[in-house]
Amino acid sequence: MRKLATAIILATSGIIATSAMAAPHDNHDRSPQKVVHQDKKQNWRPGQAVPKQYNSARYKVDHRDHKRLHKPGPGQHWIKANGHYVLINDHNHKIIKVIN
């Protein structure tokens, strides 16, 4: 009986040891890579046309919420893009004024 128990224990320990050696490598030597997204910077200048992506309502800014912005004239509105406040003509989408 003792020989049978010893044989069973040795057989199962051999199976467990081989499965542990066959485990996949877990890449402890590799650190996660950092992904940095860099947005294309805009050089806003009066007279330039504003890209269509900035014509949505999410970029519009109310001048009353910001001290540096004056009331836009008729057919004009303020947007905030890339940290700049830009006054835009509604008809031709040209930049009138830029405040950093």
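Quick note, the sequence shown lines up with residues -22 to -1, 1 to 78 if you use mature numbering (1 follows the signal peptide of the UniProt record, and there is no 0).
Each residue gets a CB set at the ideal place from its N, CA and C atoms; glycine is no exception.
Quick one: what does DSSP say residue i is sitting in, helix, strand or coil?
{"i": "residue 67", "result": "strand"}
{"i": "residue 38", "result": "strand"}
{"i": "residue 31", "result": "helix"}
{"i": "residue 58", "result": "strand"}
Return the chain-ordered list of same chain residues with a C-beta closer than 8 Å to the C-beta of residue i, the five sequence neighbours on each side being excluded.
{"i": "residue 54", "result": "65, 66, 67, 68 and 74"}
{"i": "residue 46", "result": "63 and 77"}
Distance check for residue j and residue i, CA to CA, integer angstroms please.
{"i": "residue 48", "j": "residue 41", "result": "6 Å"}
{"i": "residue -8", "j": "residue -17", "result": "14 Å"}
{"i": "residue 71", "j": "residue 10", "result": "43 Å"}
Excluding the 5 residues flanking residue i on each side, which residues of the same chain have their C-beta closer than 6 Å to its C-beta?
{"i": "residue 60", "result": "20"}
If you count every other CB in all the chains shown that lies within 10 Å of the CB of residue i, and 16 or more means buried, which is it?
{"i": "residue 13", "result": "exposed"}
{"i": "residue 57", "result": "buried"}
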